[in-house]
Amino acid sequence: MAEPGSDEMKEAMEKAEISIILDTYDDIFSDFDPRPYNERALSEDFILETKRAARDKDSGIGLHLLIPQAVRSEKSEALIRVRLREYFRKSHRKLVTELSARNRGAAELIVAGAVIGAIDALLLSSGSFSTIIKDSVEIILTPASWYTIWTGFDNLLMKPKDIVADLEFYKKMMGAQVAFTPY
Numbered sequence: 047m048a049e050p051g052s053d054e055m056k057e058a059m060e061k062a063e064i065s066i067i068l069d070t071y072d073d074i075f076s077d078f079d080p081r082p083y084n085e086r087a088l089s090e091d092f093i094l095e096t097k098r099a100a101r102d103k104d105s106g107i108g109l110h111l112l113i114p115q116a117v118r119s120e121k122s123e124a125l126i127r128v129r130l131r132e133y134f135r136k137s138h139r140k141l142v143t144e145l146s147a148r149n150r151g152a153a154e155l156i157v158a159g160a161v162i163g164a165i166d167a168l169l170l171s172s173g174s175f176s177t178i179i180k181d182s183v184e185i186i187l188t189p190a191s192w193y194t195i196w197t198g199f200d201n202l203l204m205k206p207k208d209i210v211a212d213l214e215f216y217k218k219m220m221g222a223q224v225a226f227t228p229y
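Using my numbering, read the sequence shown as starting at 47 and increasing by one per residue.
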């Protein structure tokens, strides 16, 4: 049994691309969820630490979970492996759906802004309105058009960065090899 900080432990951690030391299997899961491992919610701390460790890693990584020999259970480890893969796959799928919805909404804003701009141009080129009405329409529609188009492009290009980073993380982790090693 390797002690934390020992040469054997350091070697095991270097071989794995992501190594996390656990006291018990419960460290992976939420303290507030009493369900069995195959249904239980994952711990926010575990996910955040895994994200931090995976940030600079390429795909094809391994998740190395170091667990005391005294608490090891192959049955629990098999359930946890399945639960982790399921969690990463579901989270990835959810983010793909969310990103698609955001992109669709952004495209709708861009089109709406272009339509508002076209209506503004048509009304301004029409000779049937008084100057006061034309000026009022221009004051309202021109900024509305620009704002809507700008917001659409902002949503399309700038705001999804957080989703894209999480999407990349979950994609990496979907294929990660999960290994439990005693210490």
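Don't be surprised by glycine CBs; every beta carbon is placed ideally from N, CA and C.
Note that the structure is predicted; figures quoted are calculated from it, not measured.
### Query
Taking residue 100 as the reference, which of 135, 116 and 66 has the closest Cα?
Taking the first residue of the sequence shown as 1, we reach residue 100 at position 54. Residue 66 is the option with its Cα nearest to residue 100.
### Task
Kindly indicate which three-state DSSP category residue 108 falls into: helix, strand or coil?
Within the sequence shown, the letter at position 62 stands for residue 108. Strand.
#### Entry: Opening and closing residue of the alpha helix (DSSP H) in which residue 183 lies
The residue given as residue 183 occupies position 137 in the sequence shown. Note, residue 183: alpha helix (DSSP H), 177-203.
### Task
Please classify residue 225: does DSSP put it in a helix, a strand, or coil?
If you number the sequence shown from 1, residue 225 lands on position 179. Residue 225: strand per DSSP, three-state reduction.
### Query
Helix, strand or coil: how does DSSP classify residue 88 here?
Residue 88 sits at position 42 when you count from the first residue of the sequence shown. Strand.
### Residue environment, residue 63, which counts as buried when at least 16 other CB atoms sit within 10 Å
As a working note, residue 63 is residue 17 in the sequence shown. That one is buried.
### Message
From the DSSP secondary-structure annotation, give me the bridge partner or partners of residue 75.
### Response
Numbered from 1 along the sequence shown, position 29 holds the residue referred to as residue 75. In DSSP, residue 75 forms a bridge with 88.
#### Entry: Length of the line joining the Cα atoms of residue 220 and residue 135
Numbered from 1 along the sequence shown, position 174 holds the residue referred to as residue 220. Numbered from 1 along the sequence shown, position 89 holds the residue referred to as residue 135. Roughly 6 Å separates the two Cα atoms.
### DSSP-derived helix/strand/coil call for residue 174
Numbered from 1 along the sequence shown, position 128 holds the residue referred to as residue 174. The answer is coil: DSSP assigns residue 174 none of H, G, I, E or B.
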